[in-house]
Amino acid sequence: MRIIVYFILATLGIIIGYSAYAQQTSQSHLGSADVGPILIAQAPSQPAPGVTTTLETAPASPISAPVAGTPPVATTVAAPAAASPPVDETALRYFARQGDTARMQAELERLRSLHPGWEPPTNLLSDEYVPDADIVRIWDLFTAGDYAGVRAALATKQAADPNFVPSDDLLKSLALGESALRLRNASDAKQYETVISVAANNPELLTCEAIDNLWRLAEAFANTGNNQRAIDAYAYVLGNCDDPAQRYATVQKAIELLDRADLQPLLALERAGPDGISEFAALRLDLARRAVAASLEDDGEAPLPDDIALLEQTARDGDNAEDMRLLGWSELAQKRNDAGRRWFEAAMEADPSAESAQGLGAALLDLGDPQAAEAAIADYADDNDQINGLYLDASAALLALQPRIEVESGVLGRIVSAVMAARRATAAQELGWYAYDFQQPETAVEWFTLALRWQSDLEPAAYGLMVASNALGDAATVESIRTQWGPNSARIASFGRDSGSAAPPVPQPRPVHQASSASVVRAVHLSQPPTATTQATTGSSQSSSASRSCTKFVPAGSLSSGAALGHGWCLMQLNRPAQAVDHFNRALQSGSESTRSDAAYGLSLAYVRLGLADNAAVAAATAPISDRQAVELEIAIYSEKAISAYDIGDYRRALDALDERARYAPERNDLLTLRAWSYYHLKRYRESQRIFEAVAATGYGEAVGGLQAANAALLASQSN
Amino acid sequence: MSLVLTIAAGVAGANAASVILADEWKSYLQGFVTEDGRVVDTANNGISHSESQGYGLVLSVLADDRATFERVWSFTKTELMVRDDGLAGWRWDPAASPNLTDANNATDGDILIAYGLALAGDAWSETSFTDRAREIATTIGSSMLVEAHGMTAILPGAAGFNDRADGVGPVLNPSYWVFEALTAFAKLDPSIDWNAVSETGIELVRRARLSKTGLPPDWLVLNDDGTVRPAPDFPIEFGYNGIRIPLYMMRAGINPVLLEPFRQNSDAEGLYKIDPLTGERLEPISEPGYRLIVAAMDCISNGTVVPEELRTLSPTSYYAATLQLLTLDYLRRSQPSCMTQAAS
Chain A
1 MRIIVYFILA TLGIIIGYSA YAQQTSQSHL GSADVGPILI AQAPSQPAPG
51 VTTTLETAPA SPISAPVAGT PPVATTVAAP AAASPPVDET ALRYFARQGD
101 TARMQAELER LRSLHPGWEP PTNLLSDEYV PDADIVRIWD LFTAGDYAGV
151 RAALATKQAA DPNFVPSDDL LKSLALGESA LRLRNASDAK QYETVISVAA
201 NNPELLTCEA IDNLWRLAEA FANTGNNQRA IDAYAYVLGN CDDPAQRYAT
251 VQKAIELLDR ADLQPLLALE RAGPDGISEF AALRLDLARR AVAASLEDDG
301 EAPLPDDIAL LEQTARDGDN AEDMRLLGWS ELAQKRNDAG RRWFEAAMEA
351 DPSAESAQGL GAALLDLGDP QAAEAAIADY ADDNDQINGL YLDASAALLA
401 LQPRIEVESG VLGRIVSAVM AARRATAAQE LGWYAYDFQQ PETAVEWFTL
451 ALRWQSDLEP AAYGLMVASN ALGDAATVES IRTQWGPNSA RIASFGRDSG
501 SAAPPVPQPR PVHQASSASV VRAVHLSQPP TATTQATTGS SQSSSASRSC
551 TKFVPAGSLS SGAALGHGWC LMQLNRPAQA VDHFNRALQS GSESTRSDAA
601 YGLSLAYVRL GLADNAAVAA ATAPISDRQA VELEIAIYSE KAISAYDIGD
651 YRRALDALDE RARYAPERND LLTLRAWSYY HLKRYRESQR IFEAVAATGY
701 GEAVGGLQAA NAALLASQSN
Chain C
1 MSLVLTIAAG VAGANAASVI LADEWKSYLQ GFVTEDGRVV DTANNGISHS
51 ESQGYGLVLS VLADDRATFE RVWSFTKTEL MVRDDGLAGW RWDPAASPNL
101 TDANNATDGD ILIAYGLALA GDAWSETSFT DRAREIATTI GSSMLVEAHG
151 MTAILPGAAG FNDRADGVGP VLNPSYWVFE ALTAFAKLDP SIDWNAVSET
201 GIELVRRARL SKTGLPPDWL VLNDDGTVRP APDFPIEFGY NGIRIPLYMM
251 RAGINPVLLE PFRQNSDAEG LYKIDPLTGE RLEPISEPGY RLIVAAMDCI
301 SNGTVVPEEL RTLSPTSYYA ATLQLLTLDY LRRSQPSCMT QAAS
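Top to bottom, those sequences are chains A and C. Note that UniProt numbering has the first sequence beginning at 1, numbered continuously upward. Note that UniProt numbering has the second sequence beginning at 1, numbered continuously upward.
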């Protein structure tokens, strides 16, 4: 089937004319009288000067000729070429003689497309035909794509033989070859207007045999805001070109450049494959996935029922967790939480992973079951920031449940660990209320204080601290909070003064529940402070001998310095560093050097645990401490400094702190990862990549995401 | 403002015999022009640019070598002249994919390409070349001219020279004034005042004489009072760009007095890359092709004949060889007395 396509560009509206010889009969009624037959022989032998001229001088009336879903299309019938120019068969005979059938075939096709109606000579090997050796060489250069060489050879031949006139065929072929090259280079350089003008002036370039030109033209249209012309170009390929791989690639390219709606007329041109499966089935599925994923974006439109149905079928048939999760998120987005839960449960079954757990957790949270949500996510809570955030949300919701439920100690322990690690103020505040409701005001004070350290403007934490301090009879704290927060919080301002109008404490205190309070205390005992300080604390001889009876609030000033020291260590064990600070400060007033030394050490550790590395460093200097303690402190302080600096985005200082820390101890994997991320944020991607790589190689999962990010950044920076 | 233009010596007329020697041209082709028509900047990682292609076209006509011209033109139009505005992308790297690594244009490259086409149209009576030359000249005239302190100046490229956030600019490069090309453009497209463009180029050289060295920086901007200063964010130097200025002025027959700063800042060893503000010599520019520019200025200034060893091409590098051929073409054609044996 011989097909030549003509793209004729006219004023703004660009008419695409197809000359589809194979379809003469069916298309002969279409608009040919209006445009006049477009003959191959009329194609310009040289590229026309430029698009400007074309636009100004070639206004053609747009002709609507709907063919197979392709709007403005003018189809013309190629009349038999009445006065065909002589066909230069030199190259054809040359290749035939060489036995080069591939090139001969290519030349045959080229001549056929240039000369419709022409038939190849019967005896290509005839000895009577003596080709000009120069011409043969020129065709040789041409076939090799050396157009510059052809131009030079023609000039040389013309200089030697002033009577020599190159054939129109050769000149036309040469101009066409150069134009094809120019089209490709313009396309590579994103000079789309040039692409369009070259195609317009050289419609012979637009054939199924040179499908890349058609693709590049379609891309140029799409990138210059002319989607309809792009659709026409792709539709031409699908209507006329038969190669299955090229057809598939055509739709793939269209998907990248066109909107979903614009793709419908193209998908309608789908054919059934030899195996009975529609040729674009995989692409339709891909489109459905993209559409459903896009529906989840902000302002995304609801997915089409067809897309959902297709995806559901594939998810079930293929046990595809990815699709199941996509469907789950889609259900959640449409508030069908239970349907979402079922998809995520299936996904969890097919692929137990953080991704599946995150979806399941979200669904359960939306269903109002934070207990199940916390349980579903717990194993994956450290996998990434996103799921960690969800875990903390689920934990906060679990702790805030009304009526209160007694959280199992193991669960409470892991929640506390997660809150400490993430320094999540809102969750710490919920722990405070939880403790308060179970009659543990000291623990509550501790958590509220921590929450305020982490987020100084968190009003509910300040209010909680006020309520809990009040319960402990600590009027000074109550008034200090009132002074500081009163102007911005009515309930704090009026707390305890106007019981009629004051907002009740939120959440409502619950009646005493002995068993529960025990479990809270137990749970809080289980809470793990940052690793470095745990080691330091257990390493202290004071801690083991410290008083166990520090759960009751005792003002530090009321104790002797020695008793305050023991009380401080006890408070540290209960993870109440803020109160411990007071007691260690009291102990620092001791006359005994060893007590002062231990107090300084304890004070430093307490500050480290509160995230106040600078205070810790100052505290460490208030009294001489042992070398071993000093080293442990340095390590803990610099770890804390690195983390704090990183958290506020001061990556240079984070690295400085890590470097300091490295003088005392080898870097742990989590800190190595912190170092790598710091490099990453400072755009030192190569160093970042090296460290991520090394850490990931030890099996430390959290480095994997970083490695990917660093690799991507490196690639991006190299391609710029 | 008095523009001092002496009568320009005619460049290659339609039937003017070439004064570039066959051996010289052969060695130039061997050294710097590939089979596929690419003119290679050998000192710059083997890349090509619109400037090298433009010089290739001009020299092919001066050497009366139409085959090479066709070769170079085929490469130029298919590989570089792909921009939507019809001008040439400036940087082509054989090691990159796609090869055109910067699609911004360099206006001197476009000027040289158009000039080469104009020369070819005349030399070989080929109107299609003349037509292409006119199209490019018209595009340059309509999109690459810019007002600078009330004068019509050449914008060095479409992007990056007149769009600074601080409002400084336009940034100009006086070596982009290929004076003989501008004279040719005046014939191709008289609707543009190319003579005013030429005057601006001469005026820039004249204003630069007020500085300590008297040399124009390669890249400059005009102060509010119209004086010249080095462009911000560009190297502060008179160097490989600027050394073409005296050559272009000589070829166009511009008042030799204006050559003096260029001559006085050179010596028998050649030209120098110089800090135009302090006069500090940063590095020598001493290949034979560059030394010939100094010798030509000396001959015009005081009649010193050109040293024997500089009278034929020494193809050391693409750029030096190109400037040497352009200078030889000028001396042999217009200043034959400079090329005769010195009376000893």
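For glycine and all other residues, C-beta sits at the position ideal for the given N, C-alpha and C.
Three-state secondary structure assigned by DSSP to residue i
i	result
C/K187	helix
A/E209	helix
A/F553	coil
A/D299	coil
C/I254	strand
C/P307	coil
residue 359 of chain C	Residue 359 of chain C cannot be examined here, being either before or after the span of chain C that is shown, 1 to 344.
C/I285	strand
C/R291	helix
A/R522	Caution is warranted here: a pLDDT of 27 is assigned to A/R522, below 50, making its placement in the model unreliable, and no coordinate value can be reported.
A/D161	coil
A/D88	coil
C/P336	helix
residue 354 of chain C	Outside the displayed range of chain C (1 to 344) lies residue 354 of chain C, so it cannot be described from this structure.
C/V221	strand
A/V512	Since pLDDT at A/V512 reaches only 26, below the 50 mark, its modelled position is unreliable, and the value read off the structure follows with that caveat. In this structure, A/V512 counts as coil in the three-state DSSP scheme.
C/S125	coil
Closer than 7 angstroms at the beta carbon, the chain B residues around residue i
i	result
A/G225	The structure shown contains no chain B; the protein chains it does contain are A and C.
Beta-ladder partner(s) of residue i, from DSSP
i	result
A/S278	A/A272
C/E147	C/T152
residue 346 of chain C	No answer is possible for residue 346 of chain C: the residues shown for chain C start at 1 and end at 344.
C/F238	C/I274
A/D243	Answer is none; A/D243 lacks a bridge partner.
C/L100	C/W92
residue 357 of chain C	Limits of chain C in this structure are 1 at one end and 344 at the other, which puts residue 357 of chain C out of reach.
C/D267	C/G270
C/L172	C/L220
Test: residue i CB closer than 8 angstroms to a CB of chain C
i	result
A/N669	no
A/A159	yes
A/L399	no
A/Y651	no
A/Y147	yes
A/D188	yes
A/D181	In the sequence as displayed, the identity of residue 181 of chain A is Leu instead of Asp. Closer than 8 angstroms: yes.
A/A152	yes
A/E193	yes
A/T122	no
A/A155	yes
A/N575	no
A/N240	no
Beta carbon proximity, residue i to chain A, threshold 8 angstroms
i	result
C/R71	yes
C/K187	no
C/R66	yes
C/E51	no
C/G37	yes
C/R83	yes
C/G126	Position check: residue 126 of chain C holds Glu in this sequence, whereas Gly was assumed. It does not; no Cβ of chain A falls within 8 angstroms.
- Message: Using a Cβ distance threshold of 8 angstroms, determine whether the region 275–294 of chain C contacts the region 25–32 of chain C, with at least three qualifying pairs required.
- Response: no
- Message: Measuring CB atoms only, is the region 486–495 of chain A touching the region 458–466 of chain A, in the sense that at least three cross pairs come out at less than 8 angstroms?
- Response: yes
- Item | Residue ranges of each alpha helix (DSSP H) within the region 631–682 of chain A, 4 or longer | 651–662, 669–681
- Item | Segments of 4+ residues assigned as alpha helix (DSSP H) that fall wholly inside the region 368–404 of chain A | 370–377, 385–400
- Query: Is there contact here, the region 77–94 of chain C with the region 153–169 of chain A, by at least three beta-carbon pairs under 8 angstroms?
  - Reply: no
- Scan the region 556–643 of chain A and note each continuous alpha helix (DSSP H) run of 4 residues or more that stays entirely inside, going in chain order. 561–573, 577–587, 593–609, 613–620
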